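Encoded as structure tokens, the structure appears first; notes follow it.
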Amino acid sequence: MNDTILEVKGITKHYPIVAGVVRTKPIGWVKAVDGIEFSIRKGETFGLVGESGCGKTTTTKLILLLEEATEGAIMFRGTDVFSIGRSGLREYRRAVQAVFQDPFSSLNPRMKVRDIIEEPLVTLHGFSKKQREERIAECLDQVGLPPGSGSNYPHEFSGGQRQRIAVARALAPNPDLIILDEPVSALDVSVRAQIMNLLKELQDRFGLTYLMIAHDLAVVRYMSTRIGVMYLGKLVETGRSEDLFNDPLHPYTEALLSAALPTHPDTSRNEIVLTGEVPSPVDPPSGCRFHPRCPKAMDICSHIEPVLARMEPDREVVCHLW
Amino acid sequence: MSALLDVQNLKTYYFARRGVVKAVDGVSFSIDQGETLGLVGESGCGKTMTCHSILKLLPKPGGRIVEGQVLFEGEDLVLKTERQMRRIRGAKISMILQDSMTSLNPAYTIENQVGEVFAIHQKLKGRALKEKVIEALKLVKIPAAETRLRAFPHQMSGGMRQRVAGAIALGAKPSLIIADEPTTALDVTIQAQYLNLLKEIQAETGVAMMFVTHDLGVVARMCDKVAVMYAGRIVEKAEMKDLFRHPRHPYTIGLLACLPKMDAELDKLVSIPGQPPDLGALPDGCHFAPRCPECMEICKQKYPEERLARDEHYVSCWLVEK
Chain A
953 MNDTILEVKG ITKHYPIVAG VVRTKPIGWV KAVDGIEFSI RKGETFGLVG ESGCGKTTTT
1013 KLILLLEEAT EGAIMFRGTD VFSIGRSGLR EYRRAVQAVF QDPFSSLNPR MKVRDIIEEP
1073 LVTLHGFSKK QREERIAECL DQVGLPPGSG SNYPHEFSGG QRQRIAVARA LAPNPDLIIL
1133 DEPVSALDVS VRAQIMNLLK ELQDRFGLTY LMIAHDLAVV RYMSTRIGVM YLGKLVETGR
1193 SEDLFNDPLH PYTEALLSAA LPTHPDTSRN EIVLTGEVPS PVDPPSGCRF HPRCPKAMDI
1253 CSHIEPVLAR MEPDREVVCH LW
Chain B
121 MSALLDVQNL KTYYFARRGV VKAVDGVSFS IDQGETLGLV GESGCGKTMT CHSILKLLPK
181 PGGRIVEGQV LFEGEDLVLK TERQMRRIRG AKISMILQDS MTSLNPAYTI ENQVGEVFAI
241 HQKLKGRALK EKVIEALKLV KIPAAETRLR AFPHQMSGGM RQRVAGAIAL GAKPSLIIAD
301 EPTTALDVTI QAQYLNLLKE IQAETGVAMM FVTHDLGVVA RMCDKVAVMY AGRIVEKAEM
361 KDLFRHPRHP YTIGLLACLP KMDAELDKLV SIPGQPPDLG ALPDGCHFAP RCPECMEICK
421 QKYPEERLAR DEHYVSCWLV EK
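Protein chains in written order, with my numbering: chain A, 953 to 1274; chain B, 121 to 442.
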């Protein structure tokens, strides 16, 4: 499809576990991300959910080229970003920006807000000093910060405002895709809604595409058009946000949704409490990786790995039940 | 029946070089035997200082209870000496903290850390002590408890570590547990397990709980009563269901409205403008006035006294008629 902006093809990241001091050799591999595939279309928000350690953050690092993939490819507007050469890479790095979880550590405390927002523009070249000044003022305004705040330092701002600065920095080079890694989970509850609304507004205004990582399902539901659920380095289900929430197909998705607490005592829900914990990605279970915790596990699940089943357009699930 | 814990007009100030921080400014609430109170608020609103004031674990120098009473089983803890407090902490009132990675000592075994409670309060030694430790670990459903005695905290997963923290807190059969954000560091599926466990233990032992959290979902799941804190004061307290069904204070209403829901498609979230105030420089009048959508003239001048809005439902707001 031609409206696909980013396509992740069987991407895999294995980290070595090394032994020895001088002659180090790998004694095992942490399979952080193990062959996941998804694509993101222009203008949508793709949400990636899963528990800690399931490989969500590694996936974003791979897309941002902060880690080198062991296998697989990432296609950006049809070209493979692992082999696009220097100028292509420069363009890719402009077009893909990120906002991280903790605005207390993602902003350099020694730089003024103006310089923080200016930095991506400086590295891109092609902007005169005057153009950069204008762009900074524009970005500050777009994220709802007062025009004078450029000359302050990050510590002078509250958590919510700092996250606005981080958003302004991501907006500065006019990106196509912004990766949001837990953008609101470090913020106060009463401030979260402000930032989520801001992100949605900016998306409408500039036709941005988001890849959002979050563990809070209600946040993902509110923000995302489509959702992918990850478990232990694999994508187990993808689908349109409302379909996935109304009718989860994979037992893990179902359990994850039921574990999320409704914010009102009158909301009824059926409760599936999973036993056990997420196994180690060093030595994942055989067959389906979820089978030791799965309430619907069958014989086949423990020795044969399920393959991807395409249910309807836009709906994929990896489970023997389907 | 008199309440198990009755906190009356508690004021804990922090005397810093730059001025007085009124972290807890006239807080009153009570907890009956076997009951669960939820204390809800954002970071920096004085929740944790309230807990620490009850156990007199205030930061020194600087933190001081300046006024008020903490009546526990009829006795005022504020007047107790440090020596007397030591007999209460862990034995009658105990705490579960947010992050078990930091609340457990990495250099001691599980047996050592859980056993401390019994060694100190019940003067147990040797075999009797070991049996008690195993019993405590079984209470929190740690599988194969006998084999875990010699383990160190880093060898256990987050969920298991938090269970060990629970075993330490529950070991000496206290009548009150103060749980300060006990599940914030856990994944959703593990959080569901842990909350269920606490509920079961409460049903078995009849322990009262004070649940400090910013997550309204946890409150809806766990609590009988709720107190909402904002900038060092309780702005609203009521029976849990009553509070969710008929919130009266604009802050509570805003907090409930600004949460994304799992079960509904929303276009735009209601958000509370601004951010929580600095406790060192509070506005005159109602602390919420600068962010309140229904702020009146009087709100900027005088802090509203607590009024009874209906049965057992107290609100500090000028909108509520006397």
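From the three backbone atoms N, C-alpha and C, an ideal C-beta is built for every residue, glycine too. As the structure is a prediction and not an experimental result, all values here were calculated from the model.
Among the options, nearest to residue i - alpha-carbon criterion
{"i": "Ile354 (chain B)", "options": "B:Leu130, B:Tyr134, B:Met221", "result": "B:Leu130"}
{"i": "Ile208 (chain B)", "options": "B:Ser163, B:Glu195, B:Lys167, B:Gly394", "result": "B:Glu195"}
{"i": "Leu177 (chain B)", "options": "B:Ser148, B:Asp152, B:Phe149, B:Thr132", "result": "B:Thr132"}
{"i": "Glu1257 (chain A)", "options": "A:Asn1198, A:Val1269, A:Arg1241", "result": "A:Arg1241"}
{"i": "Arg1192 (chain A)", "options": "A:Leu1201, A:Ala1021, A:His1272", "result": "A:Leu1201"}
{"i": "Thr1190 (chain A)", "options": "A:Ala1166, A:Leu1184, A:Phe990, A:Asp1156", "result": "A:Phe990"}
{"i": "Thr1279 (chain A)", "options": "A:Ile979, A:Val960, A:Ile992, A:Phe998", "result": "For residue 1279 (chain A) there is no data in the structure shown, the boundaries of chain A being 953 and 1274."}
{"i": "His1077 (chain A)", "options": "A:Arg1062, A:Asp1156, A:Glu1043, A:Ser1057", "result": "A:Glu1043"}
Under the three-state DSSP convention, the category residue i falls into
{"i": "Met953 (chain A)", "result": "With a pLDDT of only 47 at Met953 (chain A), under 50, the local geometry of the prediction cannot be trusted, and the value read off the model is given with reservation. In the structure shown, Met953 (chain A) sits in coil (DSSP, three-state: anything other than H, G, I, E or B)."}
{"i": "Ala1281 (chain A)", "result": "The structure shown does not extend to residue 1281 (chain A), since chain A is modelled only from 953 through 1274, so no value can be given for it."}
{"i": "Ile1088 (chain A)", "result": "helix"}
{"i": "Leu74 (chain B)", "result": "With chain B covering only 121 through 442, there is no way to say anything about residue 74 (chain B)."}
{"i": "Asp1140 (chain A)", "result": "coil"}
{"i": "Met215 (chain B)", "result": "strand"}
{"i": "Tyr967 (chain A)", "result": "strand"}
{"i": "Val1001 (chain A)", "result": "strand"}
{"i": "Phe331 (chain B)", "result": "strand"}
{"i": "Glu1268 (chain A)", "result": "strand"}
{"i": "His1216 (chain A)", "result": "coil"}
{"i": "Glu932 (chain A)", "result": "Examination of residue 932 (chain A) is not possible in this model, given that chain A is present from 953 through 1274 alone."}
{"i": "Phe1028 (chain A)", "result": "strand"}
{"i": "Gln275 (chain B)", "result": "helix"}
{"i": "Tyr371 (chain B)", "result": "helix"}
{"i": "Ser163 (chain B)", "result": "coil"}
{"i": "Gly1180 (chain A)", "result": "strand"}
{"i": "Met1164 (chain A)", "result": "strand"}
{"i": "Glu195 (chain B)", "result": "strand"}
{"i": "Ile262 (chain B)", "result": "coil"}
{"i": "Arg430 (chain B)", "result": "strand"}
{"i": "Glu155 (chain B)", "result": "coil"}
{"i": "Arg993 (chain A)", "result": "strand"}
{"i": "Thr1190 (chain A)", "result": "strand"}
{"i": "Leu1150 (chain A)", "result": "helix"}
{"i": "Met416 (chain B)", "result": "coil"}
{"i": "Gly235 (chain B)", "result": "helix"}
{"i": "Gly980 (chain A)", "result": "strand"}
{"i": "Tyr314 (chain B)", "result": "helix"}
{"i": "Asp1133 (chain A)", "result": "strand"}
{"i": "Ala1170 (chain A)", "result": "helix"}
{"i": "Val140 (chain B)", "result": "strand"}
Bridge-paired residues (DSSP) for residue i
{"i": "Asp145 (chain B)", "result": "B:Lys131"}
{"i": "Glu187 (chain B)", "result": "B:Lys131"}
{"i": "Ala299 (chain B)", "result": "B:Ile216, B:Phe331"}
{"i": "Glu359 (chain B)", "result": "B:Lys345"}
{"i": "Ile354 (chain B)", "result": "B:Met349"}
{"i": "Val435 (chain B)", "result": "B:Glu356, B:Arg427"}
Contacts that residue i makes with chain C (C-beta to C-beta distance below 7 Å)
{"i": "Ala1118 (chain A)", "result": "In summary, chain C is missing from the structure at hand, where the protein chains are A and B."}
Legend entry - Members of the stretch 299-310 of chain B near chain A, C-beta cut-off 7 Å: Asp307, Val308, Thr309, Ile310
Legend entry - Interface residues of the stretch 1145-1157 of chain A facing chain B [CB-CB below 8 Å]: Ala1145, Gln1146, Met1148, Asn1149, Lys1152
Legend entry - Residues of the stretch 308-336 of chain B whose Cβ lies closer than 9 Å to any Cβ of chain A, in chain order: Val308, Thr309, Ile310, Gln311, Ala312, Gln313, Leu315, Asn316, His334, Asp335, Leu336
Legend entry - Residues of the stretch 1162-1189 of chain A whose Cβ lies closer than 9 Å to any Cβ of chain B, in chain order: His1167, Asp1168, Leu1169, Ala1170, Val1171, Val1172, Arg1173, Tyr1174, Met1175
Inset, instruction - Please determine if the stretch 303-316 of chain B and the stretch 262-281 of chain B are in contact, where contact requires at least 3 C-beta pairs separated by less than 8 Å. - result: yes
Inset, instruction - Mind checking the stretch 355-369 of chain B against chain A and listing, in chain order, the residues whose C-beta falls within less than 8 Å of any C-beta there? - result: Met360, Lys361, Phe364, Arg365
Inset, instruction - Count the C-beta pairs between the stretch 337-356 of chain B and the stretch 153-161 of chain B that are closer than 8 Å, then say yes if the count reaches three, no if not. - result: yes
Inset, instruction - With 7 Å as the limit, tell me which residues of the stretch 137-159 of chain B have their beta carbon closer than that to any beta carbon of chain A; keep them in chain order. - result: none
Legend entry - Contact residues within the stretch 1231-1249 of chain A, judged by C-beta distance below 7 Å to chain B: none
Legend entry - Cβ-based contacts, 7 Å cut-off: residues of the stretch 1000-1030 of chain A near chain B: Glu1003, Ser1004
Legend entry - Contacting positions in the stretch 1211-1224 of chain A - beta carbon closer than 8 Å to chain B: Ala1211, Ala1212, Leu1213, Pro1214, Thr1215, His1216, Pro1217, Asp1218, Thr1219, Glu1223
Inset, instruction - With 7 Å as the limit, tell me which residues of the stretch 1090-1113 of chain A have their beta carbon closer than that to any beta carbon of chain B; keep them in chain order. - result: Ser1110, Gly1112
Legend entry - Validate contact between the stretch 310-326 of chain B and the stretch 1211-1227 of chain A using beta carbons, cut 8 Å, 3 pairs: yes
Legend entry - Touching by the beta-carbon criterion (3+ pairs, under 8 Å), the stretch 1051-1058 of chain A and the stretch 1129-1141 of chain A: yes
Inset, instruction - Decide if the stretch 263-274 of chain B is in contact with the stretch 290-306 of chain B; the criterion is three or more beta carbon pairs, one per stretch, under 8 Å apart. - result: no
Inset, instruction - Mind checking the stretch 1039-1068 of chain A against chain B and listing, in chain order, the residues whose C-beta falls within less than 9 Å of any C-beta there? - result: none
Inset, instruction - Residues of the stretch 391-407 of chain B with a CB closer than 7 Å to any CB of chain A: list them in chain order, please. - result: Ser391, Ile392, Gln395, Pro396
Inset, instruction - Indicate whether the contact test is met: 3 or more Cβ pairs, each with one atom in the stretch 405-423 of chain B and one in the stretch 361-381 of chain B, closer than 8 Å. - result: yes
Legend entry - Residues in the stretch 160-185 of chain B having any Cβ partner in chain A nearer than 7 Å: Glu162, Ser163
Legend entry - Given 8 Å, three or more beta-carbon pairs between the stretch 1165-1183 of chain A and the stretch 1133-1140 of chain A: yes
Inset, instruction - Report yes or no: do three or more beta-carbon pairs, one from the stretch 279-294 of chain B and one from the stretch 206-222 of chain B, lie closer than 8 Å? - result: yes
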